[in-house]
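The structure under discussion appears below in the form of structure tokens.
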Amino acid sequence: NAGVTQTPKFQVLKTGQSMTLQCAQDMNHNSMYWYRQDPGMGLRLIYYSASEGTTDKGEVPNGYNVSRLNKREFSLRLESAAPSQTSVYFCASRPHGGGYQETQYFGPGTRLLVL
Amino acid sequence: AQSVAQPEDQVNVAEGNPLTVKCTYSVSGNPYLFWYVQYPNRGLQFLLKYITGDNLVKGSYGFEAEFNKSQTSFHLKKPSALVSDSALYFCAVRATGNQFYFGTGTSLTVIP
Numbered sequence: 029n030a031g032v033t034q035t036p037k038f039q040v041l042k043t044g045q046s047m048t049l050q051c052a053q054d055m056n057h058n059s060m061y062w063y064r065q066d067p068g069m070g071l072r073l074i075y076y077s078a079s080e081g082t083t084d085k086g087e088v089p090n091g092y093n094v095s096r097l098n099k100r101e102f103s104l105r106l107e108s109a110a111p112s113q114t115s116v117y118f119c120a121s122r123p124h125g126g127g128y129q130e131t132q133y134f135g136p137g138t139r140l141l142v143l
Numbered sequence: 887a888q889s890v891a892q893p894e895d896q897v898n899v900a901e902g903n904p905l906t907v908k909c910t911y912s913v914s915g916n917p918y919l920f921w922y923v924q925y926p927n928r929g930l931q932f933l934l935k936y937i938t939g940d941n942l943v944k945g946s947y948g949f950e951a952e953f954n955k956s957q958t959s960f961h962l963k964k965p966s967a968l969v970s971d972s973a974l975y976f977c978a979v980r981a982t983g984n985q986f987y988f989g990t991g992t993s994l995t996v997i998p
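Which chain is which? The protein sequence lines are R and F, in order. Convert by adding 28 to the 1-based position in the first sequence; the result is the number in my numbering. Convert by adding 886 to the 1-based position in the second sequence; the result is the number in my numbering.
So, in structure tokens, the structure goes:
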């Protein structure tokens, strides 16, 4: 199993450009998450999807949209990138039905630089 | 509101010495607590978790953590540090719902 995969690994954008970060998992997990990691801020939740067809806002959703395309894939879109969105983005997935004890599995991250 | 605090940005310890990385939490309801480790340019990897039961939980790579309800703490420990333990460590809590709340991370450096 590849686990959680993310593409691209690194991206440079100009202010105002748009892009989509892709995430896929092959573990048949129900829940998927998007986080951003900034120095001194830890991980902050952008959006999550508890199951196929549902999405919910997290702590910092402004400027982002998500799509849960199917059970495997959960994409994050920046419609008009801003320098404040320069960050490392992590996707994670989690089994559902195992209760609160189930942990998250993380992808390798996407480094995004917005100029 | 749920939150996690890691009061130390940086912890330095000599190889072979015991290490402690601190975490305190604030949740309504029963806490479900997790520790993750992040190596440079990698995603987070699960180390251990506390759900219920014994206050001392053991995890991967010789790490353990002690849950203290009265002090609302979940400190990560290891009896003898290795240079390879040098990494960024995150504490996380889940209470109700699907969301996890992460601390700001503690950078651990083990000095040879």
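Where a beta carbon is used, it is the ideal one built from N, C-alpha and C, also for glycine.
D895 (chain F) sits close to G991 (chain F), with the two beta carbons spaced by under 9 Å. Nearest CB-CB separation between Q50 (chain R) and chain F: not below the 9 Å threshold. Annotation: K955 (chain F) to R980 (chain F) spans about 15 Å, alpha carbon to alpha carbon.
Proximity of A967 (chain F) to chain R, defined by a Cβ-Cβ separation below 9 Å, is not satisfied. Only T131, Q132, F134, G135, P136 and G137 from the region 130-143 of chain R bring a Cβ to less than 7 Å from some Cβ of chain F. Taking the CA atoms as reference points, Q931 (chain F) sits about 10 Å from Y975 (chain F).
DSSP places Y925 (chain F) outside both helix and strand once states are collapsed to three, so it counts as coil.
The continuous beta strand (DSSP E) containing H961 (chain F) extends over residues S959 to K964.
Against Y76 (chain R), the close residues of chain F are N984 and Q985, in the order they occur along the chain (beta-carbon pairs closer than 8 Å). Residues of chain R with a Cβ closer than 7 Å to the Cβ of G991 (chain F) are, in chain order, G70. Take the alpha-carbon of S972 (chain F) and the one of Q924 (chain F): they are about 9 Å apart.
Here the C-alpha atom of G945 (chain F) lies approximately 18 Å from the C-alpha atom of P917 (chain F). Boundaries of the beta strand (DSSP E) around Q50 (chain R): M47 to Q53.
One thing to note: L71 (chain R) has its Cβ no nearer than 9 Å to the Cβ of G91 (chain R). In this structure, the CA atom of G81 (chain R) is about 50 Å from the CA atom of N903 (chain F).
Under the Cβ distance rule, K955 (chain F) does not count among the residues neighbouring chain R, no pair being separated by less than 9 Å. Note on geometry: alpha-carbon atoms of S46 (chain R) and L140 (chain R) lie some 12 Å from one another.
Cβ proximity to chain F below 7 Å picks out G86 from the region 80-100 of chain R. Residue contact with chain R for N941 (chain F): absent (no Cβ-Cβ distance below 9 Å to any residue of chain R).
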